[in-house]
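Listed in order, the protein sequences are those of chains H and D.
If you use the working numbering, the first sequence corresponds to residues 1121 to 1453, in order.
If you use the working numbering, the second sequence corresponds to residues 5 to 220, in order.
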Amino acid sequence: MRPVIVGIVTALVLCAAIFLGSRGLHNFDSALAPYAIASVFLAFGIAYRYMVWISSPGARRLFRKGWGAALSWQNLRRTPTALPRMIATYLGFQKFLGARSRSRWAAHQLIFWGCLLAAAITFPLTWGWFTFTANTGAGPQYTMNIWGFGVVKFDALSVLGWLLFHGLDLAAVLVIAGATYFLIRRMRDREASTGQRFGYDLVPLLALIIISVTGLLLTFSSVFLHGGGYEFLAVLHMAAVVLTLLYLPFGKFFHIAQRPAAVGMQLFKYTGHGEIRQCRNCGEPIDTTAYVDNLRATMRDLKLDFDSLAEVCPRCKRLRRGQAYRTTVKPGF
Amino acid sequence: MMGRTIVIDPGRCIGCQACVSACRECDSHRGKSMIHLDYLDQGGSVASSPTVCMHCEDPVAPCAQVCPAEAILVTPDGVVHDADKSRCIGCGNCVNACPMGVPKIDLEAKLQFKCNLCYDRTSYGLAPMCATVCPTGSIFYGTLEELRAERPGVEVASTFDFDGSIISTGVAMVVPKGRPDQPLPGGAGEHARVTGSPQPAGHLEPSADNVLGEPL
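Okay, structure coming up:
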């Protein structure tokens, strides 16, 4: 019940933000209403799914420890740059992906920055937060308004103007390049195709490509076809975006909401005062003391009564089990 | 235990490392071996033992249960998969919760990796790489009937006792004929023996750098 309530509250907060940000719907573009409505459902879905996720013992404990480390005044004073640096390297530049594969890192960066750019443009637009006004029809002095306040004045035909009006086209090019790489990889690479599921692994890539291609076709229609087929393409593009937004919390895209846990986890370990739990048997370092204690508590929550084994390193677990087999099951093999 | 599964007989293992090499060669692993081969009493005996993921059935996959990122999938056929790459945050919960000592972790890549019963092969009816190359039959893949056709009367066990906690697994181990039907010792509690084998890759100093990967 709690996830549903949190989901509804989040959706209502977004509705209020749309109402206020669009100056009481004065700036709201009703042609974009399906996108805005989908984003409200998205807000519900993400909050609901997030609450379900952190209700499991492992995630709940890490959620608390991660935020505890992030919001600790003591940690902030001791290492003020740790959190912003981790956010930049983990969430922005995704350094860990580079350690997995450079080409995957590059392709993921294309998708990531493309989607981020697209989200930064479309969500405020559909919520009526961004508006563009001009004193004359030709618009030599375009004004970009955020929440109804004039922020940037620019010439619509300048480079800045071109970039602002073609931001989504640029995003589409980035996303198509990245998603195509991953799609080809999913068809050719044995590692990627092992156990892959159509709905989980392929649908997200196809959705990104369909959204980007239909979006680019809108520009193509207006530039080269004098708007021919625009209405059909607009509906097709909208359907693709709305369905993807609704799918987002329940499939592979949910990793976007989950990945910040890596920052919380690393920060929790990083701020563990350098105390290391060593293997009881051989003395090899296992993990930070606070982390091992947290894991043992998680295991007890789950009624996994062998939590004391978390203080023995993996190799010693195997050696002990092997020795026990050798001495008591099949003596002296 | 599962229908077609791996059955391990440490008594047959000669420590040749063929399984480790074959696992590494599999093109879905990219040069990383998921199987462990341990020399149990180095300097005292030549005994060795291979360890694959035991695919715990009850309690089901402790690694997946403790995972904070819902990254470890257990398919209906009982196979406990390696971490989903888009979800794994590289925390190491699975590594240290696993009572068998199976999962490994790449701290820099923030990624766990472990044996997935060669899902790319077994889901098409092929034997896993390790079982395919094992020269002594220490790692067998098939049904119990197929094992008994090769080794008449052989008995297997697929429950383990970790100091009172019983875990039943999808992967089984050969036990001597006539052994009472009781769980295998997990090597915890009263069966814990201090092992003196040196670390194959050298001893790691207990510093934060060695458990954090790269701190920042």
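The beta-carbon is built from N, C-alpha and C at its ideal position, and this holds for glycine as well.
Computed from a predicted model, the values in this text were never measured in an experiment.
In three-state DSSP terms, what is residue i?
| i | result |
| --- | --- |
| proline 80(D) | coil |
| arginine 1435(H) | helix |
| proline 1405(H) | strand |
| glycine 1(D) | A question about residue 1(D) goes unanswered here, because the residues of chain D that appear run from 5 up to 220. |
| asparagine 1265(H) | strand |
| glutamate 159(D) | strand |
| proline 189(D) | strand |
| methionine 1419(H) | helix |
| methionine 177(D) | strand |
| glycine 141(D) | coil |
| glutamine 1271(H) | Position check: residue 1271(H) holds valine in this sequence, whereas glutamine was assumed. In the structure shown, valine 1271(H) sits in a strand (DSSP, three-state: E or B). |
| serine 25(D) | helix |
| isoleucine 93(D) | coil |
| glycine 1442(H) | helix |
| glycine 1186(H) | helix |
| aspartate 1321(H) | helix |
| phenylalanine 1148(H) | coil |
| serine 169(D) | strand |
| phenylalanine 1340(H) | helix |
| phenylalanine 164(D) | strand |
| arginine 1180(H) | helix |
Could you tell me whether the Cβ of residue i comes closer than 8 Å to any Cβ of chain H?
| i | result |
| --- | --- |
| alanine 212(D) | yes |
| isoleucine 10(D) | no |
| histidine 207(D) | yes |
| cysteine 60(D) | no |
| leucine 188(D) | yes |
| glycine 191(D) | yes |
| leucine 216(D) | yes |
| serine 53(D) | yes |
| isoleucine 93(D) | yes |
| proline 184(D) | no |
| glycine 15(D) | yes |
| cysteine 71(D) | yes |
| glycine 19(D) | no |
| aspartate 81(D) | no |
So the alpha helix (DSSP H) residue i belongs to, where does it begin and stop?
| i | result |
| --- | --- |
| cysteine 98(D) | 97–101 |
| histidine 40(D) | No alpha helix (DSSP H) contains histidine 40(D), which is instead part of the beta strand (DSSP E) from 40–43. |
| glycine 1483(H) | Given a span of 1121 to 1453 for chain H in the structure shown, any question on residue 1483(H) remains unanswerable. |
| valine 1172(H) | 1153–1173 |
| tryptophan 1194(H) | The question names tryptophan, but residue 1194(H) is glutamine in the sequence shown. Looking at the DSSP string, the run of the alpha helix (DSSP H) that includes glutamine 1194(H) is 1193–1198. |
| alanine 212(D) | Looking at the DSSP string, alanine 212(D) is not in any alpha helix (DSSP H), and its letter there is neither H nor E. |
| isoleucine 1207(H) | No alpha helix (DSSP H) holds isoleucine 1207(H); DSSP gives it neither H nor E. |
| isoleucine 10(D) | Careful: isoleucine 10(D) lies outside any alpha helix (DSSP H), inside the beta strand (DSSP E) at 9–12. |
| glutamate 74(D) | That residue, glutamate 74(D), is in no alpha helix (DSSP H); it is neither H nor E in DSSP. |
| leucine 1132(H) | 1122–1141 |
| leucine 151(D) | 148–154 |
Which residue marks the beginning of the beta strand (DSSP E) containing residue i, and which one marks its end?
| i | result |
| --- | --- |
| lysine 1423(H) | Unbroken run through lysine 1423(H): none, as it is neither H nor E. |
| isoleucine 1296(H) | Here isoleucine 1296(H) belongs to no beta strand (DSSP E); instead the alpha helix (DSSP H) covers 1287–1308. |
| proline 54(D) | 52–55 |
| leucine 1254(H) | Reading off the sequence shown, one finds alanine at residue 1254(H), where the question assumed leucine. 1250–1254 is the extent of the beta strand (DSSP E) around alanine 1254(H). |
| phenylalanine 117(D) | 115–117 |
| isoleucine 3(D) | Given a span of 5 to 220 for chain D in the structure shown, any question on residue 3(D) remains unanswerable. |
| glutamate 61(D) | 60–62 |
| lysine 108(D) | 108–110 |
When the cut-off is 8 Å and only beta carbons count, does residue i lie next to chain D?
| i | result |
| --- | --- |
| tryptophan 1282(H) | no |
| threonine 1448(H) | yes |
| aspartate 1289(H) | no |
| threonine 1364(H) | no |
| tryptophan 1187(H) | no |
| phenylalanine 1453(H) | yes |
| proline 1369(H) | no |
| leucine 1429(H) | yes |
| threonine 1426(H) | Checking the sequence shown, residue 1426(H) turns out to be phenylalanine, not threonine. So yes, phenylalanine 1426(H) belongs to the interface. |
| leucine 1440(H) | Note on residue identity: the sequence assigns arginine, not leucine, to residue 1440(H). Yes, arginine 1440(H) lies at the interface with chain D (some Cβ there is under 8 Å from its Cβ). |
Please tell me whether, using a cut-off of 7 Å, the distance from the CB of residue i to the nearest non-hydrogen atom of the ligand HEM is below it.
| i | result |
| --- | --- |
| glutamine 21(D) | Although the ligand HEM was asked about, the structure shown includes no ligands whatsoever. |
Against chain C, does residue i count as a neighbour if the rule is that its beta carbon must be under 8 Å from one of theirs?
| i | result |
| --- | --- |
| phenylalanine 1213(H) | No chain C is part of this structure, whose protein chains are labelled H and D. |
Along the stretch 1216–1249 of chain H, where does the CB come closer than 7 Å to a CB of chain D? Name the residues.
Answer in chain order: Phe1216, Ala1219, Arg1220.
Output needed in chain order: residues of the stretch 1397–1419 of chain H with a Cβ under 8 Å from some Cβ in chain D.
So the list reads Gln1398, Asn1401, Cys1402, Gly1403, Glu1404, Pro1405, Ile1406, Asp1407, Thr1408, Tyr1411, Val1412, Leu1415, Thr1418, Met1419, given in the order they occur along the chain.
Compile a chain-ordered list of the residues in the stretch 101–126 of chain D whose CB is closer than 8 Å to at least one CB of chain H.
So the close ones are Ala101, Cys102, Pro103, Met104, Gly105, Val106, Pro107, Lys108, Asp110, Glu112, Ala113, Lys114, Leu115, Asn120, Tyr123, Asp124.
Identify each residue in the stretch 1375–1389 of chain H for which the Cβ-Cβ distance to at least one residue of chain D is less than 8 Å, and report them in chain order.
Within the stretch 1375–1389 of chain H, the residues whose Cβ lies closer than 8 Å to some Cβ of chain D are His1375, Gln1378, Arg1379, Ala1381, Ala1382, Met1385, Gln1386, Lys1389, listed in chain order.
Under 9 Å, CB to CB, which of the residues in the stretch 27–50 of chain D have a partner in chain H?
Sequence-ordered contacts of the stretch 27–50 of chain D with chain H read Cys30, Asp31, Ser32, His33, Arg34, His40, Asp42, Tyr43, Leu44, Asp45, Ser49 [C-beta pairs closer than 9 Å].
At which residue ranges does the stretch 1353–1411 of chain H contain complete alpha helix (DSSP H) runs of 4 or more residues, listed in the order of the chain?
With a minimum length of 4 residues, the continuous alpha helix (DSSP H) runs that stay inside the stretch 1353–1411 of chain H are 1375–1378, 1380–1390.
Counting only Cβ-Cβ distances shorter than 9 Å, please list the residues of the stretch 144–163 of chain D near chain H, keeping chain order.
Of all residues in the stretch 144–163 of chain D, Ala161 have a Cβ within less than 9 Å of some Cβ in chain H.
If you measure beta-carbon to beta-carbon, which residues of the stretch 1287–1320 of chain H are closer than 7 Å to chain D?
Those would be Arg1310, Glu1311, Thr1314, Gly1315, in chain order.
Proximal residues, the stretch 1323–1348 of chain H versus chain D, C-beta separation under 7 Å:
Contacts with chain D (Cβ-Cβ distance below 7 Å) from the stretch 1323–1348 of chain H involve no residue at all.
Any residues in the stretch 1169–1200 of chain H with a beta carbon nearer than 7 Å to a beta carbon of chain D? Which ones, in chain order?
Those residues of the stretch 1169–1200 of chain H that come within reach of chain D (Cβ to Cβ, closer than 7 Å) are Trp1173, Gly1178, Ala1179, Leu1182.
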